[in-house]
Amino acid sequence: MGTFLAMVRFIFSRLLQGIAVILGVLCITFGLLKLAPGSPLQSERNIPEHIRVQRMAMSGLDQPLPVQLWRYIVSFATFDFPVSAKTPGRGVNEIIAQGFPVSAQVGLAALMIALALGIPMGALAALRPNSLEDRVSTVAATLGICTPSMVLGPILALVFGLKLRWFNASGWYDADDWVLPAMTLGIIYSAYIARLTRGGLRETLAQEFIRTARAKGASEAAIVFRHSFKLACLPVLNFLGPTAAGLMTGSIITESVFQLPGLGQHFVGAAVNRDYDLAMATAVFYAALIVGFNLIVDFLQALLNPRIGFKT
Amino acid sequence: MSQASSQSPWQKAWQSLVRNPLTVAAMVLLVALVLLCCVGPNFSPYGPNDQDLELRATSPSLAHWLGTDPLGRDLATRILHGGRISMLVGLLATAVASIIGVGYGLIAGLAGKRMDAVMMRVVDVLYAFPFITFVIILVVIFGREFWLIFIAIGAVEWLTMARVVRGQVLTLKGLEYVQAARACGAGFWHILGKHMLPNVMGPVIIYASLTVPGVMMLEATLSFLGLGIQPPDASWGVLISEGAASMAAYPWMLIGPSVFFSATLLALNLIGDALRDALDPKSVRE
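Chains as they are written, first to last, in the working numbering: chain A, 1 to 312; chain B, 313 to 598.
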């Protein structure tokens, strides 16, 4: 019962903290955009004065800044955004609702690929230190870390898209168009995960309780899976938070390489076109995603590691 | 750090660095790349932006070792010249990140428990920020200027540095010589500058060297999206972006800059890891 209460308190405090982060992102983005010289309507030339005033009033830009900020906060809290001035007829929530599934599908697939490649590779290296497998996997991991997604992406597109014609080199038309972008990000992150798994597992295997388990005659499989794996996974779990942010940055690149209609493309486009509503909405949506992901990671970590526990 | 032998920790670190052939190879590679980018363009018969429209895009040849782009510009010269810009951004952004991180970490570590708790909580929270969005907005709004790019990148990459420095300060400030200095009436800033700063330099160097590849990657990301260095100037990110756009017809345009960029990242990562193993007593394993 005590642990349950601690768990609830833990989740509650992390939720509050997450909301603070999202609010912070919202305020900073708002501040940055308001610092920008010029107004979003400036680029349209020669609009008569009365129409300019009318449109300023329509988009709420004539209000004092705190009122504008408050309007944004309310619209995010209710997920009900004003219709974007730049894309008439297409609401901001519509654009997010269309872009998010694309980014989410690629991002989740990339995460799965990274874990499915990285953990076995790292575990194999840790179980046979200084063997050929260890060397190969260490070299592969180092190479993976040094390969930027903007290099790997075009190479995969060239080989599997243009030469072998297994997939479309770009675009989002067929059901398997997520494969190449997800591979790009997944391979790069599997390198980090392999490294962490190797380190974590080797450290765990060197501990006393493993020697005890060995001494009482536990099989190698039991030692790896029952005794060490949980502890060895902690560094990997720890890294999943930064991975979420990294996948986001990476997704902006891969979406640009593979011309996917995801959130990243919309965000960059909105920033470049000074579509402030859409830029803010995507930035805050990203923040919410990362906060949510970190919350899950923190929770799992507290669950798996008794030394951390649900301390608030 | 133990001072059991007569060697200084720096000497020991250097020796363990040069003992590993892989690290030596990485250092040689990095020095070669830096030299090549610094002096290489001066020996080239072509300028980085000189066009030769009759050539168009030609594959690598004796006259143009790495080929030319569709405007007939010599790719080798452009890659080396772009390397200057990429490396310069990497260095300057790391310097900005280190200054912010060291300052923040020193103050947090030395300022007392409550202040420390607040400042470190802020860092924890900042780790969850989608910084790339801020950098993109900043660069879009305030123009794609060179100085803004490295300041914006530096301003978001200081978090780990602050954590490391603060941890170091916490262990240092309990030591006797600091108490002695305090007993002699040394003030906050005196202790910070005279007694803390010199002693955190080891970890600072390690993490600075590990920050360089990260910030170079971020610069390349911005340039790739068209938000970083602006044409006709080129950084490696710009060149890779141009290469990716025309890779089907002119694959050498992608291969050249990618090889240089990845080789630099590889050398920097290997050196950073080796430095960490050599200088950080905690991470000594095996």
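The beta carbon of each residue, even a glycine, is placed where N, CA and C say it ideally should be.
DSSP, read as helix, strand or coil, puts residue 204 of chain A in helix. Inter-residue distance for residue 186 of chain A and residue 110 of chain A is about 4 angstroms (C-alpha atoms, whole angstroms). Within the same chain, and ignoring the five residues on either side of residue 406 of chain B in sequence, the residues whose Cβ sits closer than 8 angstroms to its Cβ are 466, 469, 520, 523, 524, 527. In the three-state scheme derived from DSSP, where H, G and I count as helix and E and B as strand, residue 386 of chain B is classed as strand.
Annotation for residue 582 of chain B: 338 place their beta carbon closer than 6 angstroms to its own, counting only its chain and skipping 5 residues before and after.
Secondary structure of residue 212 of chain A (DSSP, three-state): helix. Taking every protein chain shown into account, the CB of residue 15 of chain A has fewer than 16 other CB atoms within 10 angstroms, so this residue is exposed. For a Cβ distance threshold of 8 angstroms, residue set 536, 537 of chain B lies close to residue 256 of chain A, ordered along the chain. Contact with chain A is found for residue 442 of chain B, since one of that chain's Cβ atoms lies less than 9 angstroms from the residue's Cβ.
Non-local beta-carbon contacts of residue 295 of chain A in its own chain, meaning distances under 8 angstroms to residues more than five positions away in sequence, involve 11, 14, 15, 18 in chain order.
Cβ-Cβ separation between residue 514 of chain B and residue 478 of chain B: approximately 15 angstroms, too far for a contact (criterion under 8 angstroms).
Around the CB of residue 564 of chain B, 16 or more other CB atoms lie within 10 Å, so the residue is classed as buried. Spanning the alpha carbons of residue 136 of chain A and residue 114 of chain A requires a straight line of approximately 17 angstroms. Close partners of residue 570 of chain B in chain A (Cβ separation under 7 angstroms): 151. In the DSSP annotation of this structure, the continuous segment of the alpha helix (DSSP H) that includes residue 74 of chain A starts and ends at 65-77.
Taking a Cβ-Cβ cut-off of 9 angstroms, residue 389 of chain B has no neighbours in chain A, whose nearest Cβ is about 21 angstroms from it.
By alpha-carbon distance to residue 444 of chain B, the top candidate from A/303, A/290, A/127, A/233 is A/290. Just measuring C-alpha positions, the residue of B/570, B/507, B/548, B/332 sitting nearest residue 488 of chain B is B/507. Here the C-alpha atom of residue 439 of chain B lies approximately 11 angstroms from the C-alpha atom of residue 287 of chain A. Counting along the chain, no alpha helix (DSSP H) covers residue 130 of chain A, and no H or E run does either. Taking 9 angstroms as the cut-off, the beta carbon of residue 392 of chain B is found no closer than this to the beta carbon of residue 450 of chain B. Taking each of A/266, A/259, A/270 in turn and checking the Cα distance to residue 173 of chain A, the smallest one comes out for A/259. Between residue 197 of chain A and residue 126 of chain A, the beta carbon gap of about 7 angstroms places them in contact (Cβ cut-off 8 angstroms). Residue 380 of chain B sits in a strand when the DSSP states are folded into three classes. Using a Cβ-Cβ cut-off of 9 angstroms, residue 453 of chain B is close to 32, 33, 35, 36, 37, 271, 274 of chain A, given in chain order. Rounded to whole angstroms, the separation of the alpha carbons of residue 31 of chain A and residue 426 of chain B is 29 angstroms. Per the DSSP secondary-structure output, residue 394 of chain B pairs with nothing in a beta bridge. Membership of residue 469 of chain B in any alpha helix (DSSP H) is not indicated, and neither H nor E is assigned to it by DSSP.
Considering only B/483, B/322, B/474, the residue with the shortest C-alpha distance to residue 416 of chain B is B/474.
Annotated three-state conformation of residue 18 of chain A is helix, per DSSP. Using a Cβ distance threshold of 9 angstroms, residue 122 of chain A and residue 199 of chain A count as a contacting pair.
Between residue 285 of chain A and residue 96 of chain A, the gap from beta carbon to beta carbon is short of 9 angstroms.
Shown here, residue 486 of chain B sits in coil according to DSSP, grouped into three states, outside any helix or strand. In the DSSP assignment, residue 341 of chain B falls within the alpha helix (DSSP H) that extends over 333-355. Residue range 548-557 is occupied by the alpha helix (DSSP H) that includes residue 555 of chain B. Counting every other CB atom within 10 Å of its CB across the protein chains shown gives residue 350 of chain B a total below 16, marking it as exposed.
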